[in-house]
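Protein chains in written order, with my numbering: chain A, 154 to 624; chain B, 154 to 624; chain C, 211 to 692; chain D, 211 to 692.
Think of the CB as a built atom: it goes at the ideal place given N, C-alpha and C, for glycine as much as any other residue.
Have a look at the structure below, then the notes.
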Amino acid sequence: MPFIPHTENEITQMLETIGVDSIDDLFDEIPAHLRAGVLQAVPHSMNEMEVSRLMKQRADQNSSAICFLGAGAYEHHIPSAVWEITTRGEYYSAYTPYQAEASQGTLQLTYEYQSMMTALTAMDVSNASMYDGASSLAEAILMAVRANRKSRSRKILIPTSVNPSYRKAAHTIVNGQQVELIDVPYDSASGTVTLEQIKQQTEAHGGDITAMVLQQPNFFGCLEEVDAITDWAHDNNILVIAVINPLVMSVLNPPGKWGREDNAGADIACGDGQPLGAPMSAGGPYYGLLCCKQSLVRQIPGRIVGRTIDLDGKEGFVLTLQAREQHIRRSKATSNICTNQGLVVTASTIYMAIQGAQGLENTAAACHANNNSLVEKLIAIDGVKKAFSAPQFHETVLQLEQQPAAEVLKALMEKGILGGYNLSQDYPELGEAILVCTTEMRTEEEIDQYADAMRDVLSSGATVASLAESA
Amino acid sequence: MPFIPHTENEITQMLETIGVDSIDDLFDEIPAHLRAGVLQAVPHSMNEMEVSRLMKQRADQNSSAICFLGAGAYEHHIPSAVWEITTRGEYYSAYTPYQAEASQGTLQLTYEYQSMMTALTAMDVSNASMYDGASSLAEAILMAVRANRKSRSRKILIPTSVNPSYRKAAHTIVNGQQVELIDVPYDSASGTVTLEQIKQQTEAHGGDITAMVLQQPNFFGCLEEVDAITDWAHDNNILVIAVINPLVMSVLNPPGKWGREDNAGADIACGDGQPLGAPMSAGGPYYGLLCCKQSLVRQIPGRIVGRTIDLDGKEGFVLTLQAREQHIRRSKATSNICTNQGLVVTASTIYMAIQGAQGLENTAAACHANNNSLVEKLIAIDGVKKAFSAPQFHETVLQLEQQPAAEVLKALMEKGILGGYNLSQDYPELGEAILVCTTEMRTEEEIDQYADAMRDVLSSGATVASLAESA
Amino acid sequence: MLIFEHSSEGRRGAPQAPAEKAPLTAIPEKLLREGSAALPEVSELQAVRHYTRLSQKNFSIDTQFYPLGSCTMKYNPRACNSLAMLPGFLNAHPLTPDAQNQGFLACMHDLQSMLCEATGMAAFSLAPMAGAQGEFAGVAMIEAYHRSRGDDARKEILVPDAAHGTNPATAVMCGFTVKEIATLDNGDVDIDALKQAVGPHTAGLMLTNPSTLGVFERNIEAIAKVIHEAGGLLYYDGANLNAILGKIRPGDMGFDVIHSNLHKTFSTPHGGGGPGSGAVGVAERLRPFLPLPVVTEEDDSYRYLTAKDCPQSIGRLSAFMGNPGVLLRAYIYMRLLGREGMVRVAEFATLNANYMMAEAKRRGFTLAINDRRASHEFIITLKNEARDYHVSAMDFAKRLLDLGYHAPTTYFPLLVPECLLIEPTESEAKEALDGFMDALEQIKHEAETNPELLHAAPQTLPVKRLDEVRAAKQLDLAFKKQ
Amino acid sequence: MLIFEHSSEGRRGAPQAPAEKAPLTAIPEKLLREGSAALPEVSELQAVRHYTRLSQKNFSIDTQFYPLGSCTMKYNPRACNSLAMLPGFLNAHPLTPDAQNQGFLACMHDLQSMLCEATGMAAFSLAPMAGAQGEFAGVAMIEAYHRSRGDDARKEILVPDAAHGTNPATAVMCGFTVKEIATLDNGDVDIDALKQAVGPHTAGLMLTNPSTLGVFERNIEAIAKVIHEAGGLLYYDGANLNAILGKIRPGDMGFDVIHSNLHKTFSTPHGGGGPGSGAVGVAERLRPFLPLPVVTEEDDSYRYLTAKDCPQSIGRLSAFMGNPGVLLRAYIYMRLLGREGMVRVAEFATLNANYMMAEAKRRGFTLAINDRRASHEFIITLKNEARDYHVSAMDFAKRLLDLGYHAPTTYFPLLVPECLLIEPTESEAKEALDGFMDALEQIKHEAETNPELLHAAPQTLPVKRLDEVRAAKQLDLAFKKQ
Ligand SMILES: Cc1ncc(COP(=O)(O)O)c(C=O)c1O
Ligand SMILES: Cc1ncc(COP(=O)(O)O)c(C=O)c1O
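As structure tokens, this is what we get:
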């Protein structure tokens, strides 16, 4: 029996010990008329060989196009060691480390993760993870609302240059708690949000703003003026929530350092840990990173590991500050989060250890260089231009002047190229625009292949043909 | 530096401790005029990402045809758990377990392997592995020569129904030791060797035969008359060396039971462990199994693990009978073998534990049933017939009456079917003949696909077309 | 030793990353980082050795019996891992056009269907990334449902006092107030109290059935009636679905919305704290509110439903599609089980729990609830031992670690004093259950004769009992180089 | 506990195999097995748990410093494992037609070329499946070479007394007699003795250089001259190639035939006793005798050479192509290293060994050979400690285990009393070397003050010192159910 070790003999002995005649007797407290019949819509059992065949067929159906798509998920090289160790049974099949003494592996690793993440972000404190970048932003907002006692408005500014999916998830999650999320439009020339626009929205909403969100690099790949904005926010009693790509923080000024020295950076930093060792995997599992200043530590949601000592004075690790959490505080907890994304954090920690700062820097720099190379080649093509003037990091918005973005992307796909993210739905004001991304994985050859394909598609009217075909 | 952990600082400190100025000074005992230059023919270093890309391209170049090829290597389903555990660092990166107390994992596992292999073969003793089935046969022959003190001839009978590759390897390996390998032709009707033929060769070679080899199932998939032959051999002071497929021994009479009860089976059993959990992997690593009767234990080559006790009387495991081995006995050792195929044995042990006897039996039986189904469908096609009358196990020789085997196989390959092994080179007397194999992996659909392809190829003259094309 | 303590300045692990750092052209100086992040500088070997050795300091299902109540620590089949990690899945970008993502979408669609069938619900969304987020989605849907009907006064969610902490925490996160309903000594909800509590302010009731007390709520039909008649909806916390899989379906009990912890019932790994999945299922009337994305089949191909298709959806909970890698593992597991295997899950989980409960009784332990069937778990209370020998449930737990068993859940549910909540799961053999019961009996004997042994436990693990108070007071949450 | 002791009669692990047993039609009863083989009957969880736990009882490179002399226990990069296990390689049948096997053959061809370049040989065969089989192939080629020239009297192979046991064992397997040549105190071969030994009966000399004494044979040119002038050939046992990779090539030293243990120098895993690879390389005049298969390139495609192509080949050594999975790992490793990485292997292996040797001296240990450079390994002799404190090299070794280090090779080479042959490899950091030396120094101190500690070691491992004599006398080689 699949995953049932019982022999007939043992079943008999066990039933005898219990004092019933059959297993079915054990369900006699369930009202008989409610008992389920056969689960017809569930197929019959397959053996491992059959399921393997099925899954290989399914996996092979998925596209193997060359990926120039980012928009929140990035194809990076992951050293083989990372998941070979992460999937060791001792990490893979353990529970949340409630019994500290029997979980020192996971606990120490998580402490190391916290240490690495605070090093990377230059923040004081990191928790052990949230679900993903988007839900982490939502929790960061709720945290800011709890933390900023001087503000009563529960109003949060969010530039529209923040990942639209993140903004949507944040809406869903903060919705019940009377928090108002206020869009701040980005500047159409630079592709970033300006202090002007922020001030304008602040005034338009009565001046009392609880916190503001700032993504670096932003959804367009543009680099925000984080210093000036952070300073202004702090001068106006507004907490700053940074949304970051942690890999990129190896080379960019990290949130803990934003603004003037005395303001000591962003108050909360969140983002998605995916670029640090998680495969794209159709969307997850990734993990949300969440960091904050020391002063906010009792407001942060999620698990936190602390270093302590045992009876002999020997160093060891435990879950700590549990009084914030639902299993202790119940309805007064900082969040309902319980299970988080531990195994991906395990992978990410091993990834960071193997890469080191230099590995991350070289990887990030390679992404930047590759994207510059791609963009240069694409904008040399008639009908393709850069949308924004701000400095970029590894993603760029391109406007297509002659053909619909959807058709161009489709035609590229037919040439084996996943050409980018179609922005026309989320940002109609940009016209036909796509967001392209290039990581260190892309070779010069592949970049040329993209440029050639784009040239073909735009010049030969290939899109029209492809549309006709697919109709 | 790839896999070099030294920092500049550390290098300086270490050189100072040694008392030299540079690393190069450490090589000053090497005659300067012999020093190597740059290794021009070795490409420059690639990083892991680049090597991954290369290896994926190379792996993708290999065919993914549906495999009906056996002839000594078999495509079986391997439960995922097998290699996930086998490649754990503790098994993967350990050495031969010389320090027993620090190697109880590998040692106990090997003891369990020996226990399982003796259970499967019904032999008394198993060693910890030889390189592969072919070299294991060679060592079995040398062992028989050492063991059969009553025979002085060093003559070994080998039926030509034994895998030709095995026979070739055996020739290479026993060549230096004045051992004579005498072919015994198989019976052209049954596809097995007969007692008649054996007796004839024995007489032709003077009557004193040291040992004889018997493969079950034989290379043609035919089942030999093992009982009668074993009895006759023992009656004539000839040791019996069984060559077996261990998976198939789960359902066939195992070598330890061949012949009359009082003769107690084959004296030595060897074969390839590949069907028990090793992927086909272009030819290896597999492992050679080698078992023998208790009385021959001091003649068996290779590592053996024994159970013993520690200072506290607690059970533990050690390498034992090392006095047989090269590191102790040097030029008088039973063999020169040192490193064997430990990791594959690890996989195989886990495979057998997970499958259990019933899993092996069901797998073997499924192979048999699938092959029967294939053969039935193929011989229904005009121009295809079975070569032999003996009972078969999961492999069958088919004669092609109209077209050259090479061309038929090539045409099948173009249809995505790896159709079998071309026998015309090793067995010209069979005419155009192929050896087909069907394992439990093949679905009814795939079997039909083969039959349809064969029908097409034979009827449409497809081979001619394909030959023309490739010319 | 921390990985940071293996670090040596200037050590470089070249083979894993581009060897050179490309220039960061066109980025203004002030946006660049000053100096490198203080990550450890170790070789790949050092990292591999460190994390391999660390792993050995964990208890896990793959190494120990782990009867952690409410957590369903069953075997995580290795095939689920290796097949979910096929390159075709791992390398799929989440925004791949649906047409190029059919293999993955087919799995997700089938998974939705199988979950509907197994739970008796009309539709499923796989978006929530853990049980708690499933609860969030469910309660948010309850809110959206009432609001869509203009039923704005329903501001209260009821939960039994035995409920898991995520239940009240979730309700509050969704903007509700929470009222606790008492549980009777026999483990059933106090229906009279429930009747008293409901009213026009009642948005719904969150219930785990079987409850966290390890018994099946026998009055579930009556409870459903009370709630529904009051205009509320019934939420099913699926953490204990393992106990009844294929035996009785939440939909048939009258639940309107449920979440299923795929990392419990459907055997995706817990990974030392996730990732999980809290897929949510709904009855027909709640379908419009399901969180996105959801996969639908049209003309033999699959696509994600969008906000346009589902204008009333509560929206999205994550940037992409929940935790696909987890969902794939659950899917593979369900295909391995098939319909015949699913019902065996409940049968043997229940057999194991009842066997252990009978053994516990036979060996002189006090059960939290008497004369009831255990579901897939049951509770021992050590209040007598605590009183007589001054040993706590925690002491028992730590001593169990010494004997090679992971401890059961302690001090949950909160209403049972000094409790051990024991859930063996169906995948454990009688051998493991007997070994555990022997250990428990031995410890009971030790408590009576040598309680110091318990207080000083554990002794055989990498560390002795850790000082949690110190950890919370002298916060040390990240390594800082001296 | 043995896996057999977890067995329970009638337990079935259905998900891994066909659930039903098809009938064995058309097979006569007497050829069928009576009753099932007595394999353990365990669930997948029980097997996974058992073998995961067992694994934790091993020392390994991934968990401990493992300075086992002569064995080159360097880091086995994980990328080599995962890339060699790509489905395209794993699922390739060995008899796949060459045209469909180009990806694999290309790797093998490149590997042959890189090995030629790195060793200075003209051609390579990858067929031998371990060092000893490489030796066999090499010596068989020497035999075939002499025979091909009608030089039938050459029936003796010379080996230094420091040689590995496989050298003499191989020579005998190939039909030769063996004569040992003495080694001088400075570690070099006694050339005078060599000169005395050679003659028309000399088939060849087998030499490891650097030798198993951890020093480079300085008179290699003179030795080559002696052998060649006597009409013999020079065989290079490549077990110690790591010490000189990219620094000096065996071909340039005058060797005619060599084997390379890819599982040492080229970092394929030792796997607890294999699989390995003993690829053999030859100078031009021995090319015709190479064992098959060999891969060749023709018109931009690759194919296996057959017996037809190579009528003088000594033949095949295995059923198929040696150990391809091992060969792929070596190939990947070499591509990661590249030409610049290869020479660093020798440099840092040598740096590490010389550093440890200097430290050993500084800490008062007696070296087997004085005033020489260490190669990639060196020898401490504990004869003084043995004499003064009655502790043996084995006692030191066992005590090292207690302190978390794998022991160096003990009692090899045989000519050094109470020796530890220490080989750190290039992939170990200074931190590990220092830790090991501290441990060694501590043990030396313990030997002087408390030798009982050493005799009673190990204490911290799963078992205490095991009774090897009993194992060999009361043979227990397989589990039998009582
Ligand atoms: C009864 C119950 N409800 C809810 C949860 C929360 O699920 P998750 O941890 O997946 O968020 C748990 C998990 O322990 C549980 O046991
Ligand atoms: C010097 C030397 N020669 C030969 C060998 C034999 O190699 P293998 O074990 O691969 O057969 C070894 C292995 O330990 C060795 O150290």
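ask   = Any heavy atom of ligand 2 within a distance shorter than 8 Å of the CB on B/I490?
value = yes
task = Check whether the Cβ of C/Q692 lies closer than 9 Å to any Cβ atom in chain B.
result = no
task = Give the range of the beta strand (DSSP E) segment to which A/L551 is assigned.
result = Element bounds for A/L551: 548 to 553.
query = Going by DSSP, what residues sit across from D/M383 in a beta bridge?
reply = By DSSP's assignment, D/M383 forms no beta bridge with any residue.
task = Give the straight-line distance between the Cα atoms of B/I600 and A/S205, rounded to the nearest whole angstrom.
result = 18 Å
message = Given this structure, state the Cα-to-Cα distance separating C/I367 from A/Q354, to the nearest angstrom.
response = 36 Å
inquiry  = How far does the beta strand (DSSP E) with D/Y446 in it extend, from its first residue to its last?
reply    = Start and end: 443 to 447.
task = Taking D/C290 as part of the alpha helix (DSSP H), name the residues at either end of that continuous run.
result = 288 to 294
key: Endpoints, the alpha helix (DSSP H) within which A/C491 is located   = Segment: none, A/C491 is in no alpha helix (DSSP H) and carries neither H nor E.
inquiry  = For a cutoff of 9 Å on Cβ pairs, would you count A/E514 as touching chain D?
reply    = Output row for A/E514: interface = no.
key: Buried versus exposed, by CB contacts within 10 Å (16 or more), C/H600   = exposed
inquiry  = Between A/G242 and chain B, is any beta-carbon pair separated by less than 9 Å?
reply    = yes
Nearest candidate by alpha-carbon position, reference A/Y227, set A/P454, A/S526, A/S289, A/G436 = A/G436
request  = Can you tell me which of the three DSSP states C/M552 falls into?
outcome  = helix
message = Less than 7 Å between C-beta atoms, sequence neighbours within five positions excluded: which residues of the same chain meet that for C/E507?
response = H319
query = Considering only residues of the same chain and omitting the five flanking positions on each side of B/T616, which have a CB-CB separation below 8 Å?
reply = Reliability fails at B/T616, whose pLDDT of 49 lies under 50, so the model's placement of it is uncertain and no value is given.
ask   = Is any heavy atom of ligand 2 found at a distance shorter than 8 Å from the C-beta of B/Q427?
value = no
key: Run of the alpha helix (DSSP H) containing B/Y266, from where it starts to where it stops   = 257 to 274
inquiry  = Using beta carbons (cut-off 9 Å, strictly below), is D/Q256 in contact with chain A?
reply    = yes
ask   = If the cut is a Cβ gap below 8 Å, which residues of chain A does D/S218 touch?
value = For D/S218, the chain A residues whose C-beta falls within less than 8 Å of its own C-beta are P158, T160, N162, E163, listed in chain order.
inquiry  = Let me see if you follow: with CB-CB separation under 9 Å, is A/V379 close to chain C or not?
reply    = A/V379 belongs to the set of residues whose beta carbon lies under 9 Å from a beta carbon in chain C.
request  = Compute the Euclidean distance between the alpha carbons of A/A540 and A/T239, then round it to the nearest angstrom.
outcome  = Taking the straight line from one Cα to the other gives about 41 Å.
query = So is A/E622 buried or exposed if we call it buried at 16+ other beta carbons inside 10 Å?
reply = With a pLDDT of 47 at A/E622, under the threshold of 50, the predicted position of this residue should be treated as unreliable, and no value is reported.
query = Among B/T591, B/E554, B/C520, which residue has its Cα nearest to the Cα of D/A227?
reply = Of the listed residues, the one whose Cα sits closest to D/A227 is B/C520.
task = With hydrogens ignored, establish whether the beta-carbon of D/D447 is closer than 8 Å to any heavy atom of ligand 2.
result = yes
query = Secondary structure at A/V450, three-state DSSP: helix, strand or coil?
reply = helix
task = Return the residue from the list D/G375, D/M647, D/A354 that minimises the CA-CA distance to D/L728.
result = Absent from the model: residue 728 of chain D. The displayed extent of chain D is 211 to 692, so no value can be given.
inquiry  = Quick check: the stretch 380 to 393 of chain B against the stretch 347 to 365 of chain B, are at least 3 beta-carbon pairs closer than 8 Å?
reply    = yes
inquiry  = So for A/K321, helix, strand or coil by DSSP?
reply    = helix
query = Quick one: which chain B residues come within Cβ less than 8 Å of D/H319?
reply = In chain order: nothing, as chain B lies at least about 11 Å away.
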